[in-house]
Amino acid sequence: GAVVSQHPSWVICKSGTSVKIECRSLDFQATTMFWYRQFPKQSLMLMATSNEGSKATYEQGVEKDKFLINHASLTLSTLTVTSAHPEDSSFYICSAPPGAGGRNQPQHFGDGTRLSIL
Amino acid sequence: AQSVTQLGSHVSVSEGALVLLRCNYSSSVPPYLFWYVQYPNQGLQLLLKYTSAATLVKGINGFEAEFKKSETSFHLTKPSAHMSDAAEYFCAVSARNSGYALNFGKGTSLLVTP
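This is the structure in structure tokens:
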């Protein structure tokens, strides 16, 4: 079945560092990718939708300059957390929309990236 | 826009007992409904989904859910709880008019006691 690969799975870095998270569709092409964020012990919230060949669509309240999203190709979407601070520490997870990996395919999630900013 | 409400942030059952996790949805268009499970420090695993076919949906690990339009509910059940079922469960909704992005409930933490 369709696979979404997300890297890295765990990042620990100093405050002020920029961190890039990659989300790849391994055996299908995706014109759209969703990026979600999950704070500890909380639910997942949609941050933005990346669109291949055009600007990402951000949800209300999400800082575009803080969370840079790029959909460079039909198999790669990236989220860069710029000048990260401790409050950006969270679990970030990407997903391809249903149908991206084939008819009747459900939404496929990456395994997530746990970001810890010291 | 679509949304879901999960009733009960924590549910505790005895091993072998019925599991019932409640989810109610709100949607102005036909919804797609999902249940996901998340184990500590892991990603999401799809348990089951409703996509306008059969209203009783069977998923993995013995879970099932019934879509009830009149009650706007999509409760998750399992006849007999196992210790390995202890995890966080999320109900989610999507629809075509939102590009199929998921709106998640706040989650229900299931505790299974011996």
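Residue numbers (this note's numbering), protein chains in the order written: chain A, 1 to 118; chain B, 1 to 114. Ideal placement from N, C-alpha and C gives every residue a C-beta, glycine not left out. Fair warning: this is a prediction, and the values are worked out from it, not measured in the lab.
The three-state secondary structure of residue 49 of chain B, taken from DSSP, is strand. Any Cβ of chain A closer than 7 Å to the Cβ of residue 8 of chain B would place that residue at the interface, and such an atom is absent.
Per DSSP, reduced to three states, the secondary structure at residue 73 of chain A is strand. With respect to the 7 Å criterion, residue 26 of chain A and residue 36 of chain A are not classified as neighbours on the basis of their beta carbons. Between residue 91 of chain A and residue 112 of chain A, the C-beta spacing is below 7 Å. Taking the C-beta atoms as reference points, residue 48 of chain B is found nearer than 7 Å to residue 57 of chain B. The beta-carbon of residue 112 of chain A is placed less than 7 Å from the nearest beta-carbon of chain B.
At a beta-carbon threshold of 9 Å, none of the residues of chain B lie near residue 31 of chain A; the nearest stands roughly 11 Å away. Taking the Cα of residue 23 of chain B as reference, the smallest distance to any Cα among B/76, B/16, B/50, B/55 is reached at B/76.
Under the DSSP assignment, residue 47 of chain A falls in the beta strand (DSSP E) whose first and last residues are 44 to 51. Looking only at A/95, A/84, A/108, the smallest Cα-Cα distance to residue 15 of chain A is reached by A/84. C-alpha of residue 7 of chain B to C-alpha of residue 34 of chain B: approximately 15 Å in a straight line. Listed as beta-bridge partners of residue 31 of chain A by DSSP are no residues whatsoever. In the three-state reduction of the DSSP assignment, residue 106 of chain B falls in the coil class, being assigned neither a helical nor a strand state.
Within its own chain, no residue has a Cβ closer than 6 Å to the Cβ of residue 72 of chain A once the five positions on either side in sequence are excluded.
The Cβ of residue 39 of chain A sits no closer than 7 Å to any Cβ of chain B.
Under the DSSP assignment, residue 39 of chain A falls outside any beta strand (DSSP E); it carries neither an H nor an E label. Against chain A, the beta carbon of residue 81 of chain B has no neighbour under 9 Å; the closest one sits roughly 22 Å away. For the segment 62 to 109 of chain B, not one full-length alpha helix (DSSP H) segment reaches 4 residues or more.
In its chain, beyond the 5 residues on either side, 48, 64 have a beta carbon closer than 6 Å to the beta carbon of residue 58 of chain A.
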